[in-house]
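Structure record follows, encoded as structure tokens.
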Amino acid sequence: MSSGSSLIFHIPSSCRLPLSPPSPRIPFLRTRFISLKAMASEDGKDHRLARISSSIRVIPDFPKPGIMFQDITTLLLDHKAFRDTIDIFVERYREKNISVVAGIEARGFIFGPPIALAIGAKFVPMRKPKKLPGEVISEEYALEYGTDKMEMHVGAVQPGDRALVIDDLIATGGTLCAAVRLLERVGADVVECACVIELPELKGREKLGHRPVFVLVKG
Amino acid sequence: MSACKDKEQDPRIEGIASTIRVVPDFPKPGIMFQDITTLLLDPKAFKNTVDLFVERYTGKDITVVAGIEARGFIFGPPIALAIGAKFVPLRKPRKLPGEVISEEYVLEYGTDCLQMHIGAVQPGDRALVVDDLIATGGTLCAAIKLLERAGAEVVECACVIELPELKGRERLNGKPLYILVESG
Numbered sequence: 001m002s003s004g005s006s007l008i009f010h011i012p013s014s015c016r017l018p019l020s021p022p023s024p025r026i027p028f029l030r031t032r033f034i035s036l037k038a039m040a041s042e043d044g045k046d047h048r049l050a051r052i053s054s055s056i057r058v059i060p061d062f063p064k065p066g067i068m069f070q071d072i073t074t075l076l077l078d079h080k081a082f083r084d085t086i087d088i089f090v091e092r093y094r095e096k097n098i099s100v101v102a103g104i105e106a107r108g109f110i111f112g113p114p115i116a117l118a119i120g121a122k123f124v125p126m127r128k129p130k131k132l133p134g135e136v137i138s139e140e141y142a143l144e145y146g147t148d149k150m151e152m153h154v155g156a157v158q159p160g161d162r163a164l165v166i167d168d169l170i171a172t173g174g175t176l177c178a179a180v181r182l183l184e185r186v187g188a189d190v191v192e193c194a195c196v197i198e199l200p201e202l203k204g205r206e207k208l209g210h211r212p213v214f215v216l217v218k219g
Numbered sequence: 001m002s003a004c005k006d007k008e009q010d011p012r013i014e015g016i017a018s019t020i021r022v023v024p025d026f027p028k029p030g031i032m033f034q035d036i037t038t039l040l041l042d043p044k045a046f047k048n049t050v051d052l053f054v055e056r057y058t059g060k061d062i063t064v065v066a067g068i069e070a071r072g073f074i075f076g077p078p079i080a081l082a083i084g085a086k087f088v089p090l091r092k093p094r095k096l097p098g099e100v101i102s103e104e105y106v107l108e109y110g111t112d113c114l115q116m117h118i119g120a121v122q123p124g125d126r127a128l129v130v131d132d133l134i135a136t137g138g139t140l141c142a143a144i145k146l147l148e149r150a151g152a153e154v155v156e157c158a159c160v161i162e163l164p165e166l167k168g169r170e171r172l173n174g175k176p177l178y179i180l181v182e183s184g
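For the record, the sequence lines run as chains A and B. Numbering follows the UniProt record's numbering, in which position 182 of the first sequence is assigned residue number 182; successive positions increment by one, without gaps. Numbering follows the UniProt record's numbering, in which position 117 of the second sequence is assigned residue number 117; successive positions increment by one, without gaps.
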């Protein structure tokens, strides 16, 4: 099973970005920690990734001390960066006969639907407990302390559906793993997990049993 | 469930209305919950929904689409992307990292709070507020207040569904409301 691929830009951990969109004139090469590893890239794609990467804001000590939170809300304020993010995913998945895009609450709801709309797939929200009305199936997953649950509607996904799972970020992989399990339990074929950001030190790919994971940026 | 009666109702609206599922007694007895997840399972209906909003707001110089957590996150971004606006998530407390402003609003029992990032919206921004549904209008009202506090002009509120009996329209500080489907 392939380990997936990524077009990688490293976000400097000390980088604090202004909330307003960055000047497009800032050359990414000036930033010390950026290392570019592009797979089969064209110039256009590299250029887009630089802007996407630089539009993400890092907030130290959120939600608790020691955590460097990767904030994509600043990406959403930069229309071109947001457009490019979606375009890169759509280019990758449009010819892959994806029938379902599953987005993980809540930031997966921001990236999933535009992708689903562009590739003609249905969108399925994967939610915290008690949010979805009607019949659901649940999958429990481990947190640092305790557990949480993810739910999906019964009947939303059919056996044979080809699914993409979307979230803004993969950290430990726990949430993605729960989403994958829910989809596989109803007979879907999970083609890939796609995130804007990966935190590789947290080994999310291992958690996913080395199922394919595609990311744009590594933090 | 009736499609909103416009002068000439767009033919896409009937199809959209038919995809919305009503779930009785959710989240509690007596409430007929308007479930848009079935709309999202119909790519044509979902596309038509977004297209109707995009057609309305293209060329109106909207610079911000503010979506209310969480179902406003599903409809807002596709609209923002199509019309060239930034997307701003309006969230429950403690979800947004960094500096926020908060607006409290009344629930049936108690209160809740909506938050927006400081700096996301500037004076002079022209804003659209998006949610899946307007009921009492409490959440939308809080959203309008947050945007106005940041100096934006709220041009309109846009929802897929309205529950007109709950008179949410009257609670929008005089802001116009555009909806596709009425229920009840």
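Glycine included, every Cβ here is placed at the ideal spot set by N, Cα and C.
For isoleucine 170 (chain A), does the three-state DSSP call read helix, strand or coil? strand
Distance, Cα to Cα, valine 121 (chain B) vs serine 183 (chain B)? 33 Å
Using only the alpha-carbon positions, how far apart do valine 90 (chain A) and glutamate 105 (chain A) sit? 20 Å
Is there a C-beta anywhere in chain A that falls below 8 Å from the one on phenylalanine 53 (chain B)? no
Jot down the residue ranges of each uninterrupted alpha helix (DSSP H) in the segment 131 to 186 of chain A, minimum 4 residues, whole runs only, in chain order. 174 to 185
Is the Cβ-Cβ distance between isoleucine 67 (chain A) and arginine 94 (chain A) less than 8 Å? no
Would the beta-carbon of threonine 85 (chain A) fall within 8 Å of that of isoleucine 52 (chain A)? yes
Mind pulling the alpha helix (DSSP H) runs of 4 or more residues that sit fully within the segment 61 to 119 of chain B? 72 to 83
Do isoleucine 110 (chain A) and leucine 76 (chain A) count as a contact pair if the criterion is CB distance below 8 Å? yes
Just by C-beta distance, which residues in the segment 13 to 27 of chain B are closer than 8 Å to chain A? Arg21, Val23, Phe26, Pro27
Which listed residue (A:Lys128, A:Leu199, A:Cys195) has its alpha carbon closest to that of aspartate 168 (chain A): A:Cys195
Give the DSSP-derived three-state secondary structure of proline 125 (chain A) in the structure shown. strand
With respect to the alpha helix (DSSP H) encompassing isoleucine 16 (chain B), which residues constitute its N-terminal and C-terminal limits? 11 to 19
Arginine 83 (chain A) touches chain B at which residues, Cβ-Cβ below 8 Å? Leu81
Measure the beta-carbon distance from valine 155 (chain B) to isoleucine 79 (chain B) and round it to whole angstroms, keeping in mind my assumption that it falls under 8 Å. Not confirmed; about 13 Å, so no contact.
Can you grab the Cα-Cα spacing for the pair arginine 56 (chain B) / valine 58 (chain A), in whole Å? 36 Å
In the structure shown, what three-state DSSP assignment does proline 164 (chain B) receive? helix
Looking only at its chain, what residues have a beta carbon closer than 6 Å to the beta carbon of glutamate 140 (chain A), apart from the 5 residues adjacent to it on each side? Thr147, Lys149
Between valine 160 (chain B) and threonine 49 (chain B), what straight-line distance do the alpha-carbon atoms span, to the nearest angstrom? 8 Å
To which residues does DSSP link arginine 57 (chain A) through a beta bridge? A:Asp71
Rounded to the nearest angstrom, what separates isoleucine 170 (chain A) and glycine 174 (chain B) at their Cα positions? 42 Å
Given a cut-off of 8 Å on the beta-carbon distance, is the pair glutamate 69 (chain B) and leucine 90 (chain B) in contact? yes
Which residues bound the alpha helix (DSSP H) around glycine 103 (chain A)? That residue, glycine 103 (chain A), is in no alpha helix (DSSP H); its beta strand (DSSP E) goes 100 to 104.
Isoleucine 134 (chain B), enclosing beta strand (DSSP E) - first and last residue: 126 to 134
Please tell me whether glycine 98 (chain B) has its Cβ less than 8 Å away from any Cβ of chain A. yes
Where the beta strand (DSSP E) containing lysine 47 (chain B) begins and where it ends: No beta strand (DSSP E) holds lysine 47 (chain B); the alpha helix (DSSP H) holding it covers 43 to 57.
Would the segment 8 to 24 of chain B count as touching the segment 205 to 216 of chain A if we require 3 or more Cβ pairs under 8 Å? no
Rounded to whole angstroms, what is the Cα-Cα separation between alanine 102 (chain A) and phenylalanine 73 (chain B)? 14 Å
N- and C-terminal bounds of the alpha helix (DSSP H) containing leucine 39 (chain B): 37 to 40
Starting from the C-beta of isoleucine 83 (chain B), find all residues in its chain whose C-beta is less than 7 Å away, skip the five residues before and the five after it, and write them out in chain order. Val54, Tyr57, Thr58, Ile62
Sorted by chain position, which residues of the same chain lie with C-beta nearer than 6 Å to phenylalanine 26 (chain B)'s C-beta, five sequence neighbours on each side aside? Phe33
So valine 124 (chain A) and valine 100 (chain A) are supposed to be a Cβ contact under 8 Å. How far apart are they, rounded? 6 Å
Which same chain residues, not among the five before or five after lysine 145 (chain B), have their C-beta less than 7 Å away from its C-beta? Glu103
Can you check DSSP and say which residues form a bridge with aspartate 46 (chain A)? Aspartate 46 (chain A) is not bridged to any residue.
Could you please give the first and the last residue of the uninterrupted beta strand (DSSP E) stretch that includes glutamate 198 (chain A)? 189 to 198
May I have the straight-line CA-CA distance separating aspartate 161 (chain A) from phenylalanine 46 (chain B), to the nearest angstrom? 18 Å
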